[in-house]
Amino acid sequence: MIYRFEDCTLDTGRRELCRGGVLVALEPQVFDLLAFLIAARDRVVSRDDLLEHVWQGRIVSESTLASRLNAARSAIGDTGAAQRLIRTLPRKGVRFVGEVREADTAGSPSPAPDGPASPIAWRAGARLPAVAVLPFANLSNDPDQDYFADGMAEEITAALSRSSALLVIARNSAFAYRDKAADLPLVRQQLGVAYVVEGSVRRSGERLRITAQLVDAGTGAHLWSERFDGELRDVFDLQERAAAAIAAAIEPTLQSAEIARQERERPARLDAYDFLLRANALLADFTATSMLAALDCLDRALAIDPAYAPAMAASAYCRAQCHFQGWVRQDAAAKANAVWLAWRAVSLAPNDPQVLWMAAFAVWNMAPQEGARARELFGRSLLINPNSAIALTLAGWIETMCGNVAEGRAMVERAQLLNPRDPNGWLMAGVRALAAVIEEDYAEAADWAERALAQNRRFAVALRVLAVANVKLGRTGGARRAVAELLAIEPELTVAGFFARIPVPLERMAATYAEALRAAGLPE
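Written as structure tokens, this is what we have:
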């Protein structure tokens, strides 16, 4: 069914909403909510009706309902204050009150957008970079491989859709460009995307090669590319492995591209999303100064949108990073505020995997007594998006610190396999160094610590491992140099201060650290 109201067209068959001739991407629940309200516009829809038809009988919080309603209003140009199209009747329910014209989907196809589309799409009230996975080309001269090429694009679409940091165009819309050369400016205009994923599949004997690239739809610039080879007999394993690796690499690449785009365009007036992008760039710099500047950007984002869960989680995460690096002295009230931000972000966005892992890291560091709950958050994040290299790395860090070395190492190894060029490679190496210390393989610990420090010399975790490992290996000079670097990062660092600040659940590891750091010259 096609519903038309004001300048909007909602096509339930294609699951598409157009507004002013431009596709508006929606979360599935928001689309279902809007479609149900329009179909039932002749009556007031109760909360129970919404739970039954949109959430299939599951109980959700009032804040979740309110968030989805606000997102639906925003998508069609309405607001909670105006309630021009979606009206809330206190203690009764909700009703769609706009004038609607209906058309049969078969008889009236949804019109293609013909106006310029913004390369940044909106979802649930916040802007996100939009990406379309175009149909992969079959270069095998074997029509039987068409199914594999199509399946490859579908797998990548599904994998990317698990990332809350991206808006991924539905398969049906992207596959309209099947069997034709992609005109990127046209794709950008019609789908409202800033980026596209293109690729091909080629068979040679019993081997398959998959190539994929991420392209800026506006400039045509290639941002990332990779190829994957495998045996034909392992075709589905290859397809799944390639899709997971592509999704893991594209998410951080797009974040970097968005930061660069904002630097180029330099908007005169920044909104909450712009401030979040600036904060992300500053977080990546990983200095005491950049962290404080990032916190300022996040405070500004929350001043504009006090319920912006990604900014809340990023603020809690940033404060936790400052905490374990020793860059900002945080008293009990400051720690409690960071933990409150983390849990508030989780309550506002309980199914956002990025919010979940950022909150988990903050809770682990700032409220060690809630460590079990932090690990649960990591688990929920990875259940939603198992292809996030950074979530795997941080979850692996915590499991390693809890003594689950094999599990923690496996998580980090998967992260390294998914994205060997990840900009957070120094974190991955740091976790491997910690695992080696726990297993008392100090030569390997020193090697992994040096690898981490080669990418980020300010990483205090790796410097501490290097000091401990060098003491155990009899390299007193190297240990003292590592401690000198630690004291340059945190001049007031002491052995007692370290243990008062950093959770070290393993008593044996804590004893090793205390003895070695003293021997390396760290003040008591």
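Residue numbers (the numbering used here): 465 to 988.
Beta carbons are placed, not taken as given, at the ideal position from N, Cα and C, and that holds for glycine.
These numbers were taken from a predicted model, which means no experiment stands behind them.
* Can V661 and L678 be called in contact, C-beta distance under 8 Å? -> In the sequence shown, residue 661 corresponds to position 197, counting from 1. In the sequence shown, residue 678 corresponds to position 214, counting from 1. It is a contact, given that the beta carbons lie within the stated cut-off.
* Nearest neighbour of L598, chosen from A978, A640, E954 [CA to CA] -> In the sequence shown, residue 598 corresponds to position 134, counting from 1. Closest option to L598, Cα to Cα, is A640.
* Measure the C-alpha to C-alpha separation of E690 and A913 and round it to an integer number of angstroms. => Mapped onto the sequence shown, residue 690 falls at position 226. Mapped onto the sequence shown, residue 913 falls at position 449. When rounded, the distance between both Cα atoms is 28 Å.
* Same chain, Cβ closer than 6 Å to G985, five either side skipped, listed in chain order -> Stepping through the sequence shown from its first residue, residue 985 is reached at position 521. Around G985: R944, V947.
* Below 8 Å on the Cβ atoms is my guess for Q493 versus V509; work out the distance and round it to an integer in Å. => Residue mapping note: residue 493 aligns to position 29 of the sequence shown, counting from 1. Residue mapping note: residue 509 aligns to position 45 of the sequence shown, counting from 1. In fact, because the Cβ distance is near 15 Å, the residues do not count as touching under 8 Å.
* Asked: Count the other CB atoms within 10 Å of the CB of R522; is the residue buried (16 or more) or exposed (fewer)?
  -> Position 58 of the sequence shown holds residue 522. Exposed, because fewer than 16 other Cβ atoms sit within 10 Å of the Cβ of R522.
* Helix, strand or coil: how does DSSP classify P580 here? -> Taking the sequence shown and counting its residues from 1, one reaches residue 580 at position 116. Low confidence applies here, because P580 scores a pLDDT of 36, under 50, leaving its location unreliable; read the following figure in that light. Note: P580 maps to coil in three-state DSSP.
* To do: Note down, one range per segment and in chain order, each alpha helix (DSSP H) of at least 4 residues found wholly within the stretch 836-905.
  => 853-865, 869-882, 889-902
* Asked: Using the C-alpha atoms, what's the distance from A539 back to L490?
  -> Walking along the sequence shown from the start, residue 490 turns up at place 26. Walking along the sequence shown from the start, residue 539 turns up at place 75. Roughly 8 Å between the two C-alpha positions.
* Identify every residue that forms a DSSP beta bridge with W1019. => Residue 1019 falls outside the range modelled here, since the chain spans only 465 to 988, and no answer is possible.
* Nearest-angstrom Cα distance between D471 and F495? -> Along the sequence shown, one-based indexing puts residue 471 at 7. Along the sequence shown, one-based indexing puts residue 495 at 31. Taking the straight line from one Cα to the other gives about 17 Å.
* Asked: Helix, strand or coil: which one does DSSP assign to T621?
  -> Sequence index remark: in the sequence shown, residue 621 carries index 157 (1-based). Note: T621 maps to helix in three-state DSSP.
* Asked: If you draw a straight line from the alpha carbon of N815 to that of L529, how long is it in whole angstroms?
  -> On the sequence shown, position 351 is the one that residue 815 refers to. On the sequence shown, position 65 is the one that residue 529 refers to. Spanning the two alpha carbons is a distance of roughly 14 Å.
* Asked: Just to confirm, are R878 and L847 a CB contact at a threshold of 8 Å?
  -> Translated into the one-based positions of the sequence shown, residue 878 becomes position 414. Translated into the one-based positions of the sequence shown, residue 847 becomes position 383. No, the Cβ-Cβ distance between R878 and L847 is not below 8 Å.
* Asked: Which partner residues of S664 appear in the DSSP bridge assignment?
  -> Residue numbering aside, residue 664 sits at position 200 when the sequence shown is read from its first letter. Answer is A601, T675.
* To do: With L501 as the anchor, note down where its alpha helix (DSSP H) starts and where it stops.
  => As a working note, residue 501 is residue 37 in the sequence shown. Counting along the chain, the alpha helix (DSSP H) containing L501 begins and ends at 492-503.
* Asked: Count the other CB atoms within 10 Å of the CB of K936; is the residue buried (16 or more) or exposed (fewer)?
  -> Taking the first residue of the sequence shown as position 1, residue 936 is located at position 472. Classification for K936: buried.
* Asked: According to the neighbour-count rule (16 or more other Cβ atoms, all chains shown, within 10 Å of its Cβ), is A585 buried or exposed?
  -> Here residue 585 corresponds to residue number 121 of the sequence shown, with the count starting at 1. Annotation note: pLDDT 45 at A585 (below 50); position unreliable, coordinate value reported separately. Label assigned to A585: buried.
* To do: Express the C-alpha separation of N868 and R652 in angstroms, rounding to a whole number.
  => If you number the sequence shown from 1, residue 652 lands on position 188. If you number the sequence shown from 1, residue 868 lands on position 404. R652 and N868: Cα-Cα distance of roughly 46 Å.
* Asked: Tell me, which residues are paired with D693 by DSSP?
  -> Mapped onto the sequence shown, residue 693 falls at position 229. DSSP, once it has assigned bridges, lists R673 as partnering D693.
* Asked: Does DSSP put F1000 in a helix, a strand or coil?
  -> Given a span of 465 to 988 for the chain in the structure shown, any question on residue 1000 remains unanswerable.
* To do: Counting only the same chain and skipping the five closest in sequence on each side, list residues whose C-beta sits under 7 Å from that of F923.
  => Residue numbering aside, residue 923 sits at position 459 when the sequence shown is read from its first letter. Result list for F923: W890, G894, A916, L917, in chain order.
* Which value, in whole angstroms, describes the spacing of the CA atoms of F700 and E670? -> Walking along the sequence shown from the start, residue 700 turns up at place 236. Walking along the sequence shown from the start, residue 670 turns up at place 206. Rounded to whole angstroms, F700 to E670 spans 14 Å at the Cα level.
* Terminal residues of the alpha helix (DSSP H) in which L650 lies -> Here residue 650 refers to the residue found at position 186 when the sequence shown is read from its first residue. Its alpha helix (DSSP H) spans residues 648-655.
* Asked: Taking the DSSP output, what are the residues bridged to Y467?
  -> Here residue 467 is taken as the residue at index 3 of the sequence shown, counted from 1. Answer is L474, E566, bridged to Y467.
* Going by the CB atoms, is the gap between A499 and A474 shorter than 8 Å? -> In the sequence shown, the residue the question calls residue 474 occupies position 10. In the sequence shown, the residue the question calls residue 499 occupies position 35. The sequence given here places Leu at residue 474; Ala does not occur at that position. Yes. Within cutoff.
* Run the CB neighbour count on T683, radius 10 Å, all protein chains shown included, and call it buried at 16 or more, exposed below. => Taking the first residue of the sequence shown as 1, we reach residue 683 at position 219. With fewer than 16 other Cβ atoms within 10 Å, it is exposed.
* Asked: When the Cα of G541 is compared with those of L481, K556, Q520, which residue comes out closest?
  -> The count along the sequence shown starts at 1 and reaches residue 541 at position 77. Of the candidates L481, K556, Q520, the one whose C-alpha sits nearest the C-alpha of G541 is L481.
* To do: Throw me the rounded Cβ distance for the Y772 and M822 pair, which I believe falls under 8 Å.
  => Within the sequence shown, the letter at position 308 stands for residue 772. Within the sequence shown, the letter at position 358 stands for residue 822. With 8 Å as the limit, Y772 and M822 do not qualify as a contact, their Cβ atoms being about 13 Å apart.
* From L981, N883, L603, pick the residue whose C-alpha is nearest to that of I854; which is it? -> Here residue 854 corresponds to residue number 390 of the sequence shown, with the count starting at 1. Comparing Cα positions, the closest option is N883.
* To do: Starting from E480, follow the beta strand (DSSP E) in both directions and report where the run begins and ends.
  => On the sequence shown, residue 480 is found 16 positions in, with the first residue counted as 1. Note, E480: beta strand (DSSP E), 480-483.
* To do: Could you check what DSSP says for Y772 in three-state terms: helix, strand or coil?
  => Residue numbering aside, residue 772 sits at position 308 when the sequence shown is read from its first letter. The answer is coil: DSSP assigns Y772 none of H, G, I, E or B.
* CB S845 to CB L820, shorter than 8 Å? -> Working through the sequence shown from its first residue, we reach residue 845 at position 381. Working through the sequence shown from its first residue, we reach residue 820 at position 356. Contact flag set, yes.
* Asked: Just the Cα atoms here: how many angstroms apart are W688 and A952?
  -> Reading the sequence shown from its first residue, position 224 is the one you call residue 688. Reading the sequence shown from its first residue, position 488 is the one you call residue 952. Approximately 37 Å between the Cα atoms of the pair.
* Asked: What does a CB cutoff of less than 6 Å around E619 pick up in its chain, not counting 5 residues either side in sequence?
  -> Position 155 of the sequence shown, counted from the first residue, corresponds to residue 619. Counting only Cβ-Cβ distances below 6 Å, and skipping sequence neighbours, we find Q703, A707.
* Asked: Got a sec? Which residues, its chain only, sit under 7 Å from A757 by beta carbon, not counting five neighbours each side?
  -> By 1-based counting over the sequence shown, the position of residue 757 is 293. Excluding residues within five positions, the ones whose Cβ falls inside 7 Å are L746.
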